[in-house]
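Have a look at the structure below, then the notes.
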Amino acid sequence: MFPKTLTAGALLTVLAGALLTAAPAHADPDAPGCTVLDATADHVHGLVVFDLTCSEPRDVVVDATAWHGSADDHERVDGQTVSKRVGAGERWSSALSFAIDTTPSTDMISAQVLSWVDQGDTQERPAILATIDG
């Protein structure tokens with residue numbers, strides 16, 4: 041039936057399989073439960089605008105950062121985060137507003153839209169719904 045001893049490789053394979061199956065079933069970034077209909081970032085006007093809908097209940101977070109400088113040499117000017125529990129069949133549209141008269145100036149705004157089944161579940165990885173720059 042089974043050998044009485046396990047090789048190190050076989051033991052690692054068994055342990056890896058156990059760890060993979062121990063992950064929560066809902067921690068699936070490939071099944072986000074929400075769809076971003078539109079998302080834009082505009083550093084000239086200091087806006088991040090998004091519109092999304094969820095087919096399943098999700099915790100959704102929009103995290104945006106205003107930057108000064110180029111991609112090779114930049115510094116953070118400001119950051120904002122909004123979150124909401126979006127129910128099944130609901131739509132969430134909103135905007136984040138950044139100051140445009142900052143020193144140093146804002147040369148780019150980047151944002152990510154993320155979703156979780158339960159953001160409080162530390163084992164769950166978020167689904168990245170959208171990444172935007174402007």
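Just so you know, we're using the working numbering here: the sequence shown kicks off at 41 and counts up by one.
Even for Gly, the Cβ is constructed at its ideal location relative to N, Cα and C.
Item	Value
H108 (DSSP reduced to helix, strand or coil)	strand
Close beta carbons around P144, own chain, < 8 Å, minus the five adjacent residues each side	H108, G109, E115 and V117
Chain-order list of residues whose beta-carbon lies under 6 Å from that of L136 (same chain, five-residue window excluded)	V88, A104 and Q120
Identified DSSP bridge partners for L186	Because the chain in this structure spans residues 41 to 174, residue 186 falls outside the shown range and cannot be described.
As assigned by DSSP and simplified to three states, the class of R165	coil
Identified DSSP bridge partners for T171	Q152
Burial state of T171, where buried means 16 or more other Cβ atoms lie within 10 Å	exposed
Candidates A139, H85 and C94, of which the one nearest V153 by Cα	C94
Inter-residue Cα distance where the pair is D161 and I168	16 Å
D78 vs D91 beta-carbon contact at 8 Å	yes
Terminal residues of the beta strand (DSSP E) in which V117 lies	H114 to V126
Separation of G174 from V157, as counted between CA atoms	28 Å
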